[in-house]
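Heads up, our numbering is the position in the sequence shown plus 15, with the first residue counted as 1.
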Amino acid sequence: MSRRLVTRRRFLAAAGGGVLGSIAGQRAVPAAAAEDRATTPAEAFRLLIEGNNRFVAGQPTVAARASAHRVDLARGARPFAAVLTCADSRLAPEIVFDQGLGALVVVRTAGNVADAAAVGSLEFAVETFHLPLIIVLGHEGCDAIQWAIDMLRAGTAPPGQLGAVLDALRPAVQLARLRAQLAALRIPPDPEGDLLEETMRAHVGMVVERLRRAEPVFAPRLQRDRLRIVGLRYALATGGVEIVA
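Spelled out as structure tokens, the structure:
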């Protein structure tokens, strides 16, 4: 089964069974108004995927970024989802998902590392705004993950606080290398050229699993289906997203 087919089916499952269709070929749907903000995981996921469809199709909306909307937000924010993503300058969740000011709580770290401050920020957002959805958003060609691969291969110690970033990414690099070694034993063998991609996917999966086990904020909500945590991969060239965890 191709990765595209698997991705489409997993999108349908993650959205609670709603029909989303293909990512890039779907008709653009206008962004939801403030009073229509999602309150369930499936609704929140649908809004993000519809927004990404608009972004991919080159049909983003701008109404939610108007000056009147900024004035309204000064009275209080009402986000419907949180996104933990990389600090890479090519990746901006509000743009990727075509959402305006006040729609998303965004936490950005190098390589979307889920350190204590990042997890605490997500917990604050879920506790304060009762968010039904957290997205862990990795991306292809991640410079932070490539840096970690190179540093571990060279065996050198990074300066300053970069050591904390390296330590956080180390398990994913090790897992991806193990998978590559196993793939090399197959007939025909798979090349190790996708180490960066596999490390990114492994890291997103590890972060998602860590968040899903987090007590006392996330785990109880997940058990009651009041919260969903999904790992996505962003394609730099196409602008599309797919589920990886």
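Beta carbons are placed, not taken as given, at the ideal position from N, Cα and C, and that holds for glycine. For clarity, every value in this text was computed on a predicted model and none was experimentally measured.
Item	Value
Rounded C-alpha distance that separates VAL188 from GLN176	19 Å
Secondary structure of THR100, DSSP reduced to three states	strand
Beta-bridge partners of ILE150, as assigned by DSSP	VAL98, VAL245
Contact set for VAL232: own chain, Cβ-Cβ below 7 Å, skip 5 residues either direction	GLU138, VAL141, GLU142
Proximity below 9 Å, CB of VAL256 to CB of ASN127	no
Residue-chain proximity (THR55, chain B), Cβ-Cβ < 9 Å	Absent from the structure: chain B. Only one protein chain is present.
Three-way DSSP call (helix, strand, coil) for ARG61 in this model	helix
ILE150 vs PRO108 beta-carbon contact at 9 Å	yes
Close beta carbons around ARG236, own chain, < 8 Å, minus the five adjacent residues each side	VAL141, LEU242
Nearest-angstrom Cα separation, counted from ARG194 out to LEU152	22 Å
Inside the segment 121 to 187 only - beta strand (DSSP E) runs reaching at least 3 residues	148 to 154
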